[in-house]
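First residue of the sequence shown: 196, per our numbering; consecutive thereafter. Report on the following structure.
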Amino acid sequence: MAFGQSSGPPANGKQLRELLELLEAAGHSDYRDARGPMGFSQRQAAGKFTSGEADEFIERLQIEIHGDGPPPGSRPPPAARAPKPAAAKPPPRKTAAKRPSTPPATTTSLSDVPVEELAAELQRRGWVVLEP
196 MAFGQSSGPP ANGKQLRELL ELLEAAGHSD YRDARGPMGF SQRQAAGKFT
246 SGEADEFIER LQIEIHGDGP PPGSRPPPAA RAPKPAAAKP PPRKTAAKRP
296 STPPATTTSL SDVPVEELAA ELQRRGWVVL EP
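Take a look at the structure:
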């Protein structure tokens, strides 16, 4: 999925109108005004929601405004999803042998590497190297 693109079908006009009406009832002037308090992304603050996102925000706002959910007859409740089956716990792992806390003797310190080699390696990795 590309950056800034939604992952699902877009919300229809009815959902967007209902969401905007609920946002206004909650004291927001538009989607952008509600971005921080509602936790909208930049895409959502521009009024672009997937159908699932719009349903979630509508339900959340109805609970906030009406106290216990959508008013009777406003729209059918979202379809209940079956719970995911619990995954079996994997057997406990055997603990690996502990490594020695001292570094091996073959490790070289950066102070032992010539400055020219360090500079060349940094430049190879895209760094800009200047003399002090």
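Idealized CB from N, CA, C, for every residue including glycine. All figures in this text were calculated on a predicted structure; none of them were measured in a lab.
Specify the secondary structure class of residue i as computed by DSSP and reduced to three states.
i: Pro327; result: coil
i: Pro205; result: strand
i: Asp225; result: coil
i: Arg320; result: coil
i: Ser306; result: helix
Around the C-beta of residue i, are 16 or more other C-beta atoms found within 10 angstroms, so that it is buried, or is it exposed?
i: Glu216; result: exposed
i: Glu219; result: exposed
i: Gln318; result: exposed
i: Gln210; result: buried
i: Leu214; result: buried
i: Ile258; result: exposed
i: Ile253; result: buried
Taking 6 Å as the cut-off, does the CB of residue i come closer than this to any heavy atom belonging to the ligand SAM?
i: Ala315; result: Ligands in the displayed structure: none, and consequently the ligand SAM is not present.
Under 7 Å, do residue i and residue j count as touching if we go by C-beta distance?
i: Thr245; j: Gly203; result: yes
i: Val323; j: Ala314; result: no
i: Ala221; j: Leu256; result: yes
i: Tyr226; j: Ala249; result: no
Can you check the region 234–269 for any alpha helix (DSSP H) of at least 4 residues that lies completely inside it and give the ranges in chain order? 237–240, 246–261
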